[in-house]
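First residue of the sequence shown: 26, per the working numbering; consecutive thereafter.
Every residue gets a Cβ at the ideal spot worked out from N, C-alpha and C, and that includes glycine.
Keep in mind that this is a model prediction, so the values were computed, not measured.
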Amino acid sequence: MFRPVNTKNHPNDRFIPRRMEITFDFFANETQAITDVADVDKEAPFINYAKIRYNRINYQNALRNILLPLDVKVLNFFPPKISIPDKIVSQTDQVWPVKPRKKPVIGPPEVVLDMPHFDSNISHHVADWSSKNCLATIFENEVHMWYPESEFLRAATDTQRRVQHCVKWKSDGIRFAVGLYPNRVGIWDILTKKLICETLCCLPCCEVLCLEWIGEDRLITGCSKGVLRLNSSNLKCLKKVRNAHDCSIINIVSSCNKNFIATSSMDNNVIVWKVPQLTGHFQIEFITTVRALAWHPWANSLLAIGHGYNQGHVIVWNVNTHKQIAREKTTYKNSSIDCLTFNPLSGELVVSYFVHCTRDRTKGSGIISVLTNIDNVVEEMHMHDGPIPYLLWGNGGKTLASASADENLCIWDFFGTPSKEKKKSRVKTHNSTIFRTYIR
Numbered sequence: 026m027f028r029p030v031n032t033k034n035h036p037n038d039r040f041i042p043r044r045m046e047i048t049f050d051f052f053a054n055e056t057q058a059i060t061d062v063a064d065v066d067k068e069a070p071f072i073n074y075a076k077i078r079y080n081r082i083n084y085q086n087a088l089r090n091i092l093l094p095l096d097v098k099v100l101n102f103f104p105p106k107i108s109i110p111d112k113i114v115s116q117t118d119q120v121w122p123v124k125p126r127k128k129p130v131i132g133p134p135e136v137v138l139d140m141p142h143f144d145s146n147i148s149h150h151v152a153d154w155s156s157k158n159c160l161a162t163i164f165e166n167e168v169h170m171w172y173p174e175s176e177f178l179r180a181a182t183d184t185q186r187r188v189q190h191c192v193k194w195k196s197d198g199i200r201f202a203v204g205l206y207p208n209r210v211g212i213w214d215i216l217t218k219k220l221i222c223e224t225l226c227c228l229p230c231c232e233v234l235c236l237e238w239i240g241e242d243r244l245i246t247g248c249s250k251g252v253l254r255l256n257s258s259n260l261k262c263l264k265k266v267r268n269a270h271d272c273s274i275i276n277i278v279s280s281c282n283k284n285f286i287a288t289s290s291m292d293n294n295v296i297v298w299k300v301p302q303l304t305g306h307f308q309i310e311f312i313t314t315v316r317a318l319a320w321h322p323w324a325n326s327l328l329a330i331g332h333g334y335n336q337g338h339v340i341v342w343n344v345n346t347h348k349q350i351a352r353e354k355t356t357y358k359n360s361s362i363d364c365l366t367f368n369p370l371s372g373e374l375v376v377s378y379f380v381h382c383t384r385d386r387t388k389g390s391g392i393i394s395v396l397t398n399i400d401n402v403v404e405e406m407h408m409h410d411g412p413i414p415y416l417l418w419g420n421g422g423k424t425l426a427s428a429s430a431d432e433n434l435c436i437w438d439f440f441g442t443p444s445k446e447k448k449k450s451r452v453k454t455h456n457s458t459i460f461r462t463y464i465r
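Encoded structure:
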């Protein structure tokens, strides 16, 4: 009769083969995992869902390494699977060139500024951030400014004129252009504290709605009558295109080398123009109005467009070939895109979505997503309660400001703050009229 022998040379412990075919997945349903009440406080004012996913994956990998170690004493009847690293995105798979950050690093906003009666009209551009790190916004028919790193905390223009609809800083950070009532445009110098020049737009009953500087010596304006105009630095008209659009021009953005501009209008068309000729390059027709446009910071041919009202999504066009090269697949239901911008340092695309409430479409939540590729979301910030029509870069692209219809302007550290600096840094609180600062 057979008897098992339990000795040092003949132990009766069985070798258990490793079953390598098993799928060790803690969260098969990613959506359910993200919205788990035990891990996510839905009442918190700021939630970075992409960071939660990133931490979950790291935790899952750590558990897998502990619970399923590759022990040499285990007899493998089948050769172990080779661990395949994350797919390296080739140049053909990457829609736009990018220098992504290594991991989600955006925490809660460092500063939240109160902006009462903030104008979030789709055809207005009432906020801008200068290269000198100065925020400017139109409030009560004047331009108010806020310097986050200076003792001179607040300044306001005294034009004795009605400033309306749009403000745009020049690249020197000393002058900005503004729309003036009723049909004029002017340039304000913050050193001399006065309007150095102004001129009529084109027609007696038009209003200047958008502005864009092309280098240091040219300013392009778009008005409510669909007229596109190229001006010199002293606002002398160099070129004018009547009927550039059939309706109001609501957006003008320029390419990185300033050879092209893209305009969008209430006529639902996006047109790419050659500069300084102001000749039409090509036109894209949409079924809804497009507000969100963004050029890549160093790839001159790539233009991102935020399209769709109920199913907002991003599409990327190559203006040289006149072809659409990518389209976002993972979109939010009942959403619209209010703003697009590329980070000037990393090339990552920042998108602001407004997800409408199914019961009341006037209500919803604003979401800021950071994409390294057309469908690769690496950051996802939930902070605002309304549409986010403004995403502005400060500090050379290291800081992001998001201004929302909920009358809050949040300032984010886009590249993160080292732990040592977090302990030392203390945010100053300032009192002002339009920018009433408080920290959340």
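- The C-alpha of T356 is placed about 20 angstroms away from the C-alpha of Y79.
- Restricting attention to V297, V210, S360 and H321, the CA atom closest to the CA of H338 is found in S360.
- In the three-state reduction of the DSSP assignment, N420 falls in the helix class, which pools H, G and I.
- DSSP places L370 outside both helix and strand once states are collapsed to three, so it counts as coil.
- In this structure, the straight-line span from the alpha carbon of V120 to that of I221 is close to 43 angstroms.
- A residue is called buried when at least 16 other Cβ atoms come within 10 angstroms of its Cβ; I312 does not meet this threshold and is exposed.
- A straight-line Cα-Cα distance of about 32 angstroms links W418 and C227.
- Here the stretch 83-90 makes no contact with the stretch 288-307; the two share fewer than three CB pairs at distances below 8 angstroms.
- The beta carbon of G422 lies closer than 6 angstroms to those of N368, P369 and L370 in the same chain, with the five residues before and after it left out.
- Of the candidates L425, H407 and V341, the residue whose Cα lies closest to the Cα of D400 is V341.
- Distance from I131 to M406 at the Cβ level is roughly 6 angstroms; contact confirmed, criterion being Cβ atoms closer than 8 angstroms.
- W437 and L303 have their C-alpha atoms spaced approximately 36 angstroms apart.
- Closest in C-alpha terms to R200, from the list W213, Y206 and P207, comes W213.
- The bridge partners DSSP lists for T246 are L236 and R254.
- Within 10 angstroms of the beta-carbon of F143 lie 16 or more other beta-carbons, which makes it buried.
- The three-state secondary structure of I312, taken from DSSP, is coil.
- Residue environment: H149 is assigned as buried (16 or more neighbouring CB atoms within 10 Å of its CB, all protein chains considered).
- By the neighbour-count criterion, in which a residue is buried when 16 or more other Cβ atoms sit within 10 angstroms of its Cβ, Y378 is buried.
- It is roughly 9 angstroms from the alpha-carbon of A430 to the alpha-carbon of N146.
- The C-alpha of H306 lies about 30 angstroms from the C-alpha of L205.
- For D242 against A317, the beta-carbon gap comes to about 28 angstroms, at or over 8 angstroms, which does not count as contact.
- Taking every protein chain shown into account, the CB of C435 has 16 or more other CB atoms within 10 angstroms, so this residue is buried.
- If you check the CB distance, T397 and P125 come in under 8 angstroms.
- Annotation for I77: the continuous alpha helix (DSSP H) segment containing it runs Y74 to L92.
- Judged by their CB atoms, N325 and Q308 are not nearer to each other than the 8 angstroms cut-off.
- Going by C-alpha positions, L244 is about 21 angstroms away from T366.
- In the displayed model, Q302 falls within coil according to three-state DSSP, outside both helix and strand.
- Bridge pairing for N433: D139 [DSSP].
- Within the stretch 319-386, complete beta strand (DSSP E) segments of at least 3 residues are found at 327-332, 338-343, 348-352, 360-367 and 374-381, given in chain order.
- With respect to N433, D153 sits apart: the two C-beta atoms are not nearer than 8 angstroms.
- Excluding sequence positions up to five before and after S258, its CB lies within less than 6 angstroms of the CB of D242, all in the same chain and listed in chain order.
- Relative to the Cα of D271, the nearest Cα in the group P134, S249 and N420 belongs to S249.
- Per the C-alpha coordinates, the member of G411, C235, V344 and T184 positioned closest to K218 is T184.
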